[in-house]
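In the numbering used here, the protein residues as written are 659 to 1130.
For each residue, glycine too, the CB sits at the ideal point set by N, CA and C.
Everything numeric in this text was worked out from a predicted model, so none of it was measured.
The next block holds one structure in the form of structure tokens; read it before the comments.
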Ligand SMILES: Cc1cc2nc3c(=O)[nH]c(=O)nc-3n(C[C@H](O)[C@H](O)[C@H](O)COP(=O)(O)OP(=O)(O)OC[C@H]3O[C@@H](n4cnc5c(N)ncnc54)[C@H](O)[C@@H]3O)c2cc1C
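Shown next, in the form of structure tokens:
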């Protein structure tokens, strides 16, 4: 019998497990995919938003600002790539100047630190590649960029290290109330638990309706992107937004924490919440819209297009409430959910404590994590490491300089990578210009060898994404 069972291991489920794992609780995390962070968490803009967008007084505003403040220290402790690069919302007209003033006032009231409005001269000095038509900007120095899947993985790994049990490829099909607890039925087995926490992203409405009458509606909304090579990654230093509209924060241009440039997203409501296809028409729209911000981007250096699906809902706020006794919905976690996630984790702990869950701190709780990234080491550190383990001297991914030792570590981590993309998310092999064209087959070999599996079993990504079918 578990004390708490979390459905879904995106960044919100991971942050919730992380926050709860510091207490003496038996925790289960169920994830339907073959890895953590396979939903919205792996396909978003990767911005740690400062917190001037959400309406004053909302839970979203509170958790956004708190999450933004937590990010730097959390990323330091858990060794997650993060940079506090600041963000700019640009104005191109007198009307938009008024929007900047409104966002500024809202940001101050939400508690966003160090906000200021920049005039044209300072703006263009800070970002010389900006379109000359940009006339003013709202500057938020507390905003940042992060590696979103690393953020979720780091919190999930730390929870697992501290005793939480993660069940991958375990899809919740039904939830039933017993006399004393919940019984959660999955494709693998059933779980008994005192509390259920619904962190199922775009599927959170379905999970809620397994135990209660419909209370909210999830409206999946797709956003498409260009990811450009590092040759474009220095075109700007800060994240560049245009003024928000009723469909959201709009198309941004931003460096990524890995040194690339990201451009997007659009916002189109869709029926099929698993549809992450990209289309020429919407990508053309993204590109055209981004031209207002910057004309110098060379889209021939695009290394990937991708799409993510937001869990928008019929509410203006995050939906965090007890949908049933001892059943907590953490639903409709749309943007800025990545930013807010660690604060959502803290908030869930408070809600459970107020509901009577007894929380006793663990004495042997580990709250740190270290990842070896060979290319970040000094020459002498590299030499020492290679002397101890020569596999750190064999470069497999030449674009990103990732060694065999790092891939082996990804295959044996607290949440081992099972797929080629799982390796990519853990150590960057395949993230570069060739997108795994050269190192992909070597990664298959290493995973098969290290995990004692047939090469044909190694998938690229989700279920069904076979690379090798049979031997010839
Ligand atoms: C285009 C786009 C841009 C965004 N940009 C930003 C940004 O820059 N900054 C920011 O702060 N936020 C951003 N967001 C929002 C952010 O990505 C999300 O709020 C966040 O990732 C939500 O995390 P989650 O864990 O709730 O959902 P998810 O990551 O979708 O995780 C839900 C998990 O539940 C699992 N699941 C579902 N059903 C079941 C089931 N029946 N059984 C078991 N498991 C199940 C899924 O497989 C999934 O892994 C953006 C989102 C999108 C789509």
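Inter-residue CB distance, residue 968 and residue 993 (contact presumed, cutoff 8 Å)
In the chain shown, the residue the question calls residue 968 occupies position 310. In the chain shown, the residue the question calls residue 993 occupies position 335. With a Cβ gap of about 6 Å, residue 968 and residue 993 count as contacting.
Assuming residue 721 and residue 964 form a contact by the criterion Cβ under 8 Å, report the distance between their Cβ atoms to the nearest whole angstrom.
Translated into the one-based positions of the chain shown, residue 721 becomes position 63. Translated into the one-based positions of the chain shown, residue 964 becomes position 306. About 26 Å separates the two Cβ atoms, so there is no contact after all.
Tell me, please, whether the region 681–692 touches the region 727–745 by the rule of three or more beta-carbon pairs shorter than 8 Å.
no
So the beta strand (DSSP E) residue 676 belongs to, where does it begin and stop?
Numbered from 1 along the chain shown, position 18 holds the residue referred to as residue 676. Where residue 676 is concerned, there is no enclosing beta strand (DSSP E), although the alpha helix (DSSP H) it sits in stretches over 669–678.
When we look at the beta-carbon of residue 957 and count the other beta-carbons within 10 Å, is it buried (16 or more) or exposed?
Position 299 of the chain shown, counted from the start, is the residue given in the question as residue 957. Counting Cβ neighbours within 10 Å, residue 957 comes out exposed, since fewer than 16 surround it.
Grab me the residues of residue 755's own chain with a C-beta within less than 8 Å of its C-beta, minus the 5 sequence neighbours each way, in chain order.
For the purposes of this step, residue 755 is taken as the residue at position 97 of the chain shown. So the list reads 749, 793 and 794, once near-sequence residues are dropped.
DSSP bridge partner residues for residue 987 (one or two, in chain order):
Stepping through the chain shown from its first residue, residue 987 is reached at position 329. Residue 987 pairs with 856 and 979.
Is residue 814 near residue 662, with beta carbons less than 8 Å apart?
By 1-based counting over the chain shown, the position of residue 814 is 156. By 1-based counting over the chain shown, the position of residue 662 is 4. The answer is no: Cβ separation not under 8 Å.
For residue 881, is the classification buried or exposed, using 16 other Cβ atoms within 10 angstroms of its Cβ as the cut-off for buried?
Counted from its first residue, the chain shown places residue 881 at position 223. Buried.
Exposed or buried, what is residue 913 when buried is set at 16 or more other beta-carbons lying within 10 Å of its beta-carbon?
Here residue 913 corresponds to residue number 255 of the chain shown, with the count starting at 1. Its Cβ being crowded by 16 or more others within 10 Å, residue 913 is buried.
Spatial distance of residue 1172 from residue 1082 (CA atoms):
There is simply no residue 1172 to check, as the chain begins at 659 and stops at 1130 in what is shown.
For ligand 1, any of its heavy atoms closer than 7 Å to the Cβ of residue 739?
Here residue 739 refers to the residue found at position 81 of the chain shown. No, the Cβ of residue 739 stays beyond 7 Å of every heavy atom of ligand 1.
Suppose the cutoff is 6 Å on Cβ atoms and the five residues either side in sequence are ignored; what does the same chain contact list for residue 940 look like?
Locating residue 940 in the chain shown gives position 282, counting from the first residue. Result list for residue 940: 882 and 924, in chain order.
Would residue 830 and residue 665 qualify as a contact pair, given that the criterion is a beta-carbon distance under 8 Å?
Numbered from its first residue, the chain shown carries residue 830 at position 172. Numbered from its first residue, the chain shown carries residue 665 at position 7. Cβ distance < 8 Å, so residue 830 and residue 665 count as in contact.
Since residue 952 and residue 788 should fall inside the 8 Å C-beta cutoff, what is the C-beta to C-beta distance between them, to a whole number of angstroms?
Walking along the chain shown from the start, residue 952 turns up at place 294. Walking along the chain shown from the start, residue 788 turns up at place 130. Right, the Cβ-Cβ distance comes to about 6 Å (below 8 Å), so this counts as a contact.
Enumerate in chain order the residues of its own chain whose CB-to-CB distance from residue 878 is below 6 Å, with the five nearest sequence positions on each side excluded.
As a working mapping, residue 878 is identified with position 220 in the chain shown. Within the same chain, residue 878 has close Cβ partners 860, 928, 931 and 967.
Helix, strand or coil for residue 806? Go by DSSP, reduced to three states.
The residue given as residue 806 occupies position 148 in the chain shown. Note: residue 806 maps to helix in three-state DSSP.
For residue 1061, I'd like the list of residues in its chain whose CB is within less than 8 Å of its CB, leaving aside the five on either flank, ordered along the chain.
Sequence index remark: in the chain shown, residue 1061 carries index 403 (1-based). 1032, 1049, 1050, 1051, 1052, 1053 and 1054.
Distance between residue 710 and residue 1064 (C-alpha atoms, nearest Å):
On the chain shown, residue 1064 is found 406 positions in, with the first residue counted as 1. On the chain shown, residue 710 is found 52 positions in, with the first residue counted as 1. One C-alpha to the other measures close to 39 Å.
Going by C-alpha distance, which of 841, 799, 798 and 876 is nearest residue 850?
For this step, residue 850 is matched to residue 192 along the chain shown. Residue 850 has its Cα closest to that of 841, out of 841, 799, 798 and 876.
Any chance the CB of residue 811 is under 7 Å from a heavy atom of ligand 1?
Taking the chain shown and counting its residues from 1, one reaches residue 811 at position 153. No, Cβ of residue 811 sits at least 7 Å from all heavy atoms of ligand 1.
Those runs of the alpha helix (DSSP H) which lie wholly inside the region 711–755 and span at least 4 residues
When DSSP assignments are scanned along the region 711–755, the uninterrupted stretches of alpha helix (DSSP H) that are 4 or more residues long and fall wholly within it turn out to be 717–736.
Report yes if the CB atom of residue 982 is closer than 8 Å to the CB atom of residue 858, and no otherwise.
Numbered from its first residue, the chain shown carries residue 982 at position 324. Numbered from its first residue, the chain shown carries residue 858 at position 200. No, these two residues do not count as a Cβ contact at 8 Å.
What residue ranges within the region 762–821 form continuous beta strand (DSSP E) runs of no fewer than 3 residues, ordered along the chain?
774–776, 794–798 and 802–804
What do you reckon, is the C-beta of residue 992 under 7 Å from a heavy atom of ligand 1?
Walking along the chain shown from the start, residue 992 turns up at place 334. Yes, the Cβ of residue 992 comes within 7 Å of a heavy atom of ligand 1.
In terms of residue numbering, what span does the alpha helix (DSSP H) encompassing residue 1106 cover?
Walking along the chain shown from the start, residue 1106 turns up at place 448. Secondary structure note for residue 1106: its alpha helix (DSSP H) is the uninterrupted segment 1098–1109.
Measuring straight from C-alpha to C-alpha, what distance separates residue 734 and residue 677?
Taking the first residue of the chain shown as position 1, residue 734 is located at position 76. Taking the first residue of the chain shown as position 1, residue 677 is located at position 19. Roughly 16 Å separates the two Cα atoms.
Nearest to residue 671 (by Cα), restricted to the options 1100, 1076, 1005 and 1016
In the chain shown, residue 671 corresponds to position 13, counting from 1. Measuring from the Cα of residue 671, the nearest candidate turns out to be 1005.
Determine whether the beta carbon atoms of residue 776 and residue 766 lie at a separation below 8 Å.
Locating residue 776 in the chain shown gives position 118, counting from the first residue. Locating residue 766 in the chain shown gives position 108, counting from the first residue. Contact flag unset, no.
Does the Cβ-Cβ distance between residue 886 and residue 919 come in under 8 Å?
Position 228 of the chain shown holds residue 886. Position 261 of the chain shown holds residue 919. Against a cut-off of 8 Å, the Cβ pair of residue 919 and residue 886 comes out as a contact.
Should residue 713 and residue 907 be called a contact, given that it needs their Cβ atoms to be closer than 8 Å?
Within the chain shown, the letter at position 55 stands for residue 713. Within the chain shown, the letter at position 249 stands for residue 907. No. Outside cutoff.
Hey, would you say the C-beta of residue 1115 is under 7 Å away from at least one heavy atom of ligand 1?
In the chain shown, the residue the question calls residue 1115 occupies position 457. Result no, Cβ not under 7 Å from ligand 1.
Taking the alpha-carbon positions, what's the residue 771 to residue 759 distance?
For the purposes of this step, residue 771 is identified with residue 113 of the chain shown, where counting begins at 1. For the purposes of this step, residue 759 is identified with residue 101 of the chain shown, where counting begins at 1. So the alpha carbons of these two residues sit roughly 15 Å apart.
Grouping DSSP H, G and I as helix and E and B as strand, with all else coil, what is residue 943?
Locating residue 943 in the chain shown gives position 285, counting from the first residue. The answer is helix: DSSP assigns residue 943 an H, G or I state.
Less than 8 Å between the CB atoms is what I'm expecting for residue 746 and residue 945, so what's the real figure, rounded?
In the chain shown, residue 746 corresponds to position 88, counting from 1. In the chain shown, residue 945 corresponds to position 287, counting from 1. Not confirmed; about 20 Å, so no contact.
Please report how far the alpha carbon of residue 1027 lies from the alpha carbon of residue 1107, in whole angstroms.
On the chain shown, position 369 is the one that residue 1027 refers to. On the chain shown, position 449 is the one that residue 1107 refers to. For residue 1027 and residue 1107, the distance between alpha carbons rounds to 26 Å.
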